[in-house]
Structure formats: structure tokens, C-alpha cells
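Student: Submitted below is the structure of interest, expressed as C-alpha cells.
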Amino acid sequence: MAAEVLVDVQGLAKTYGPLRAVDGLTFQVRRGEIVGLLGANGAGKSTLMKVLTCYLTPDEGTATVAGCSIESDPVGVRRRLGYLPENAPLYTEMRVREFLDFVARMRGLNARARRMERIEWAVEHCGLKPKYMAPIGTLSRGYRQRVGIAQAVVHDPDLLILDEPTSGLDPIQIVEIRRLIAIIGQTKTVFFSTHIMQEVEAVCSRAIVINKGRLVADGSPTDLKAQTARPGRLVARLRGVDASNVRKALEGISAWRKSSVRAVPDQGLVECVLHVGAGGQQPEAREVNAAGEAFFAAAREHGWPLLDLHGEGMSLEDAFLAATGHAPRDDDAQDASAAEPAQTKAQG
Amino acid sequence: MIAPVFHILRRELAAYLNTPIGYVFVVFFLLLSCSFYVFLALFVEGVSDMRGFFSWIPIFFLIFVPAISMRLWSEDRKLGTLELLLTFPLRTWQAVLGKFLAGLLFLALTMLLTLHLPIVLDTYLRPENQPGLDWGPVIGSYLGTLVLGMVYLSVGAFASSLTGDQIVAFVIGATLNGVFFLIGFPPFVSWIRDFSSEWGPRLAEFVQRFGVSYHYDSIARGVVDTRDIVYALTVTGFFLFLNHLVIERRR
Chain P
3 MAAEVLVDVQ GLAKTYGPLR AVDGLTFQVR RGEIVGLLGA NGAGKSTLMK VLTCYLTPDE
63 GTATVAGCSI ESDPVGVRRR LGYLPENAPL YTEMRVREFL DFVARMRGLN ARARRMERIE
123 WAVEHCGLKP KYMAPIGTLS RGYRQRVGIA QAVVHDPDLL ILDEPTSGLD PIQIVEIRRL
183 IAIIGQTKTV FFSTHIMQEV EAVCSRAIVI NKGRLVADGS PTDLKAQTAR PGRLVARLRG
243 VDASNVRKAL EGISAWRKSS VRAVPDQGLV ECVLHVGAGG QQPEAREVNA AGEAFFAAAR
303 EHGWPLLDLH GEGMSLEDAF LAATGHAPRD DDAQDASAAE PAQTKAQG
Chain L
1338 MIAPVFHILR RELAAYLNTP IGYVFVVFFL LLSCSFYVFL ALFVEGVSDM RGFFSWIPIF
1398 FLIFVPAISM RLWSEDRKLG TLELLLTFPL RTWQAVLGKF LAGLLFLALT MLLTLHLPIV
1458 LDTYLRPENQ PGLDWGPVIG SYLGTLVLGM VYLSVGAFAS SLTGDQIVAF VIGATLNGVF
1518 FLIGFPPFVS WIRDFSSEWG PRLAEFVQRF GVSYHYDSIA RGVVDTRDIV YALTVTGFFL
1578 FLNHLVIERR R
């Protein structure tokens, strides 16, 4: 069943001087979806959200939110959405109660009974009861973020736009905010930005990846992973062998592009990582299989006790890096492992 | 249409009343203006009317009003709440008007606190067998301070919209207001007049009409002339329009 299109973005572009922060984006969000907007810092996530909430006007393209055009009916658009700007700006001298009351009034909840009911709902769902009367200036970062989300949902909007709702929070707070987003997402359409991959895996039904203002990937988190899921490297663990011998033996084999070997002394293990295929590309399945066979042959030849040999797929993070045109992570891993052998030698 | 203006007005007024800085300015202003007046008018000049007090108001306001208006937009820009405010379902002019009116109301409340001066003057300091205070000019003068406050506040609000730094907003506001004060200030006007016997008087006559004191003095005399009201409304409207323009430009 195709739900109603709630957000319809057509060729949106926004330029700051020479910088095209958003560069021709086109996508749709349907009612009931939880969509994660992924991108590195400066990819254009916040700009896109500012345009959708009619804080900024686009230079090109159009968008509609719940049938209202951001150009001809910005007030209508804003009436239908709740928005948490980046860093959750709040009036710090107000108490939580006063602030939510102010926002509710601004959002057109004029009837007192209805306003009270909605404020209570938001306070309840955002876990703000203990801080209801506290001045916002005295709240911790996590609570401020909750106040920010509470003000965005207080008027029961069709669409919730959250700009990096979990940035700057500690891991426990992050989990709590994600849970909150998931709960709100059961009844609302949520469009939120993040640069944390697990967040998208944890709460989203769909991820949109943008880079330099352009859309580079769009699909469910599993789709996104599947697109890039073929193993890019093999990992093997050996016991009771000398790491430098293994390193020497593996260097001569051409089945992989690069191998890195490091000792894990406290477990008595040696871990080998084999990077397969040309750098920056997905290896063919055939190449991966050939590398596995070659490694097994080497282990048998040298009599290494092989504990484990497996392929490692890309994490969503790798998929994200690949999609945004950054080098896949294995190059970073090489740098890290290149530094490590010296360290382990010193210990041994 | 008017509801959002009212909500903004309410919040901004509460912000004045809930932060210590607002009270600091008010106390400072009251101490300065009242004690100055009491000292000057009663002991030095021995005059028992309010003229001395009101003639100094344009100068005290030069500092006090920009101190009130400096936070109106700068604070929102600094805190990032401007983004929150401008993504509420309201039009920019409603925010501009709400903030301006909150400042004006706060100013009016402050001026109410100076009412003890004429009351004391009328009740206790009246010389024997003399008629009481002439309330007409006093009421006119209070109206005049509001008109003056309107002009200064709109200039200050515009200055505040230009920057995220309240101190910078204060300096810009005070400077612009200083210009408006100066071009109607009698010594300055006569200085222009004396420039040339040929065009000096005409230029002075022309320039002083743009000055705020020219119109303030005329209202303070108790003569409420529509021209003075039109002047105040025009200048206020112009700067609020500029204020609106600055906010809209950021989109």
C-alpha cells in the first residue's frame, strides 16, 4: 500500500555565495516513514532542513509539505510540521512549562484545555516530568534535547523534522532519544538527520544519503548495506605462530592486494587481514574465493593452526563512505595496522 | 493575525521581567533620572514643575532605550532561537511588531515608576497658597516620552537585528539615536543657522524637523500636534520596515 506523499522535494538547490550547499535534490517522503538523512558534516543536511521548514528560501526547485508549497504557503507548511533545529536552541531563561506553553500558543493551540492536554502528552512522552518546572538554562544537554523534541511534537504535527537530535549526547542519552524517536515514529512521519550510521540502522525505515548537496543513495538500511555487502576483506586467526614469519609468508602471495598481520599476545593469537581486489572497489566473488583458497593453502603448507577464516562485509559505515565517494575503510585499517607490529614486537 | 503578535509580546515582556539585567537597567535609569531631577530642579533651580525632568529624558533615553532594545534580536541570533521563532507559523512582521511592542510596554512600565515625582510635587512640595501642579503638560510630556521611546526603540530594534552581539547592537543603536537626537537639538540647530545668513536658517529649519527633540519638545509643551505624531509613526515604521528587511534577507 502506497501511503500519501507527505514531503515532495523537486530539484531543490540552495547556494551560499560560491557554495552549493544543496544541489538539485529530488526525493519524496511518505506518511508514516521514519527517514534518516545521512551525510558528513557540511553535506547539506541542515540546509535542506532549513529550506523544508521555510527558514531559508531555495534558489531553485520546489518542495511541498502536506500539500503546502514552501514558496507560496510557508506559514501553512510550518503549521504542519514540528522542527528541532540543530543544537536544540531554546529560551534558556524560561521554565520548561512556560516554554512549551509559549510554543503551543505560537503553534496555534489556543484552547486552554487542548493546549494543556498536548503539553502533558509531550512532557510524558519525552520524559520531562521531573524537570517540568525547571528553568531550561539549568538543564543538562540530554534534557534540553528532550525539551527540543517536546516543543516539536507539542502541536501534534503531521511531520517531524529533527536536525541531529542525538549530537552531543552521551551513549545512554543517545539510546533514550532513539527510543523516543522510534515511539514518536509509530504515529508520525519523522525526517531526521545524523552522521551516525547505527542510528539509521536502529530506528529508520529508510535512509537518504547526501554528499555535497547531492543525493547519492536512497533505500532501506538493509538495501543500502546489500548494495555494498560483498566482503572486501578476509580475516583469519592463527594460534601459536610467529607474526613476522606469517607476515613474510603472506607477502609473496598475489591473491590479495595487501595483507596485514598483527599479534594479539594476550590471547596467543595472530590475526591476518587480507584486502582483496583493487583498492576502492568491490572485489568480485571469484577474487574473494581465490584469496580464501590461497590462504588456506599457505596455512597448510606452513602448518599454521588455523582457528578461523571469514569474510567481513561492509558495515553501513563503509557503505556510507563508499556512497559518498570517500575511500573505503580498509585503507585506514592498513595505516593503523602498519603502526601496530612495532608495538607488539616491543612487548614480545 | 494578531494572536502571534500577542504571544511574542507576552514572551518578550516576560523575558524582560524574568532576567536581572532588565531590573538593573530600570533601577539605574530611575536613580539617575529621578535623583538628577530632584537635585537640579528642587535645590539648584528651585522650580516646582516637571519641565526639568522631561527636558533631560531624551538624553537619558539615549542610553536607556538602546539598552532595552539591544537584546530583542541579538539574543535570538546568538542563542539560535531565531531559527525556532521563524519556523513557527507566523509572518516575520508579526515577530517584528511583537518584539517592538514588548520593548515599548517595558519602557512604559518604567515610566510609570517615575509617576511618584509629580505626585510628590503636587502633594507635598507645593508652595503655600499656590495652585497645584498643572497636570496638562505633565500628561502631555509622558505621552511625549512614549513617542520618543517609539522612535528610539525602533532604531534600537533595527540595530539589534543587524548583529548577534548585544554590545554591538547597543552601540549602533545609541549612535543612530544620537544622530536623531542631535539634528533636532537646539544648540546644534542654531549652530547650523549661524553657518550662513543666506541659507543657514532655511537649512536649520529643514534639518531640525528630522530631529526627535524638535517633535518631543513640542509634545512636551502639551501641544499634541498631528505632525509630531506623523513624524514619530513614520520614523518608527521606517525602522521597523528595515528591521523586517534585515530578518527577511537572512532567508
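Protein chains in written order, with my numbering: chain P, 3 to 350; chain L, 1338 to 1588.
No residue lacks a Cβ here, since even glycine has one placed at the ideal position from N, Cα and C.
What you are looking at is a predicted structure, and each value in this text was computed from that prediction instead of being measured.
Whose CA, out of Cys274/P, Phe297/P, Val248/P, lies closest to the CA of Ser256/P?
Tutor: Taking only the C-alpha atoms, the option nearest Ser256/P is Phe297/P.
Student: Closest Cβ-Cβ distance between Leu1519/L and chain P: below 7 Å?
Tutor: No, its Cβ sits nowhere closer than 7 Å to a Cβ of chain P.
Student: Hey, would you say Val24/P sits closer than 7 Å to Gly46/P, going by beta carbons?
Tutor: For Val24/P and Gly46/P, yes; Cβs fall inside 7 Å.
Student: Quick check on this structure: which residue in Asn43/P, Thr66/P, Leu27/P, Glu166/P has the alpha carbon closest to the alpha carbon of Ala90/P?
Tutor: Selected option, being the one with the closest Cα: Glu166/P.
Student: Skipping 5 residues on each side, what residues in its chain have a beta carbon closer than 7 Å to that of Met1407/L?
Tutor: Excluding sequence neighbours, Met1407/L sits near Gly1493, Ser1497, Gln1503, Ala1506, Phe1507, Gly1510.
Student: Once the 5 residues before and after Ser1527/L are set aside, which same chain residues still bring their CB inside 8 Å of it?
Tutor: Answer for Ser1527/L: Ala1541, listed in chain order.
Student: Taking Ile1394/L and Thr1460/L to be in contact with their CB atoms under 8 Å, please state how far apart those CB atoms are, rounded to whole angstroms.
Tutor: About 22 Å separates the two Cβ atoms, so there is no contact after all.
Student: Does any residue of chain P bring its CB to less than 7 Å from the CB of Phe1398/L?
Tutor: With 7 Å as the cut-off, Phe1398/L does not count as an interface residue toward chain P.
Student: Let's see if you can read the secondary structure: which residues bound the alpha helix (DSSP H) around Gly1537/L?
Tutor: Here the alpha helix (DSSP H) through Gly1537/L covers 1537-1545.
Student: Output, in chain order, the set of chain P residues within a Cβ distance shorter than 8 Å of Asn1355/L.
Tutor: Simply Glu95, Met96.
Student: To test your reading of the DSSP string, which unbroken beta strand (DSSP E) runs of 3 or more residues are found completely within the region 115-186 of chain P?
Tutor: Complete beta strand (DSSP E) runs here, min 3: 161-165.
Student: Are there three or more Cβ pairs, one per stretch, closer than 8 Å when the region 252-272 of chain P is compared with the region 213-228 of chain P?
Tutor: No: fewer than three Cβ pairs fall under 8 Å.
Student: According to DSSP, what are the bridge partners of Asp268/P?
Tutor: Note: Asp268/P sits in no beta bridge, so no partner.
Student: What residues of chain L sit near Thr104/P, judged by a beta carbon separation below 7 Å?
Tutor: Inspection of the sequence shows that residue 104/P is occupied by Phe rather than by Thr. Ordered by position in chain L, the residues that pass the 7 Å Cβ test against Phe104/P are His1344, Arg1348.
Student: Quick check on Asp1531/L: does DSSP put it in helix, strand or coil?
Tutor: Coil, per DSSP.
Student: Within 7 Å of any Cβ in chain P, is that where the Cβ of Gly1501/L sits?
Tutor: Closer than 7 Å: no.
Student: Look up Val1560/L in the DSSP assignment and say whether it is helix, strand or coil.
Tutor: Three-state result, Val1560/L: coil.
Student: To which residues does DSSP link Ile1476/L through a beta bridge?
Tutor: According to DSSP, Ile1476/L bridges with nothing at all.
Student: Is the region 72-84 of chain P touching the region 121-141 of chain P, taking contact as three or more C-beta pairs under 8 Å?
Tutor: The region 72-84 of chain P, when compared against the region 121-141 of chain P, does not touch it at the 8 Å Cβ threshold.
Student: May I ask which residues mark the beginning and end of the beta strand (DSSP E) holding Arg241/P?
Tutor: Arg241/P -> beta strand (DSSP E) spans 235-241.
Student: Going along chain P, which residues have a C-beta under 8 Å from Pro1341/L?
Tutor: The answer, in chain order, is Met108.
Student: Skipping 5 residues on each side, what residues in its chain have a beta carbon closer than 7 Å to that of Gly1515/L?
Tutor: Only Leu1399 meet the Cβ criterion.
Student: Grab the span of the alpha helix (DSSP H) containing Ala2/P for me, first residue to last.
Tutor: Absent from the structure is residue 2/P, since the part of chain P shown begins at 3 and ends at 350.
Student: How many angstroms separate the CA atom of Gly1473/L from the CA atom of Tyr1553/L?
Tutor: Those two C-alpha atoms are separated by around 15 Å.
Student: Looking at Val266/P: is its Cβ nearer than 7 Å to the Cβ of His312/P?
Tutor: No. Outside cutoff.
Student: Out of curiosity, what's the CA-to-CA distance linking Val1361/L and Glu95/P?
Tutor: About 16 Å.
Student: For the region 186-202 of chain P and the region 100-118 of chain P, state whether three or more C-beta atom pairs, one from each stretch, are separated by less than 8 Å.
Tutor: Short answer: they don't touch.
Student: Would you kindly report the start and end of the unbroken alpha helix (DSSP H) that includes Tyr1374/L?
Tutor: Residues 1357-1374.
Student: For Asp2/P, which beta-bridge partners are listed by DSSP?
Tutor: Outside the displayed range of chain P (3 to 350) lies residue 2/P, so it cannot be described from this structure.
Student: Tell me which same chain residues have a C-beta within less than 8 Å of the C-beta of Leu141/P, skipping the five on either side of it?
Tutor: Excluding positions up to five away in sequence, the list reads Val98, Lys133, Val149.
Student: Thinking just about the alpha-carbon of each residue, which of Glu1420/L, Phe1575/L, Arg1428/L, Leu1485/L is nearest to the one in Ala1445/L?
Tutor: The shortest C-alpha separation from Ala1445/L is found at Leu1485/L.
Student: Keeping to the same chain, check which residues put their C-beta closer than 6 Å to that of Gln12/P; ignore five residues upstream and five downstream.
Tutor: Excluding positions up to five away in sequence, the list reads Thr28, Gly63, Thr64.
Student: I want to verify the contact list: residues of chain L whose CB lies under 7 Å from the CB of Thr55/P, in sequence order.
Tutor: Correct list: Thr1424.
Student: From Ala287/P to His157/P, what distance separates their C-alpha atoms?
Tutor: When rounded, the distance between both Cα atoms is 52 Å.
Student: Run through DSSP, which three-state label would Phe194/P get?
Tutor: Three-state DSSP puts Phe194/P in a strand.
Student: Count the other C-beta atoms from every protein chain shown that fall within 10 angstroms of the C-beta of Ser1372/L, then say buried if there are 16 or more, exposed otherwise.
Tutor: By the neighbour-count rule (16 or more Cβ atoms within 10 Å), Ser1372/L is not buried but exposed.
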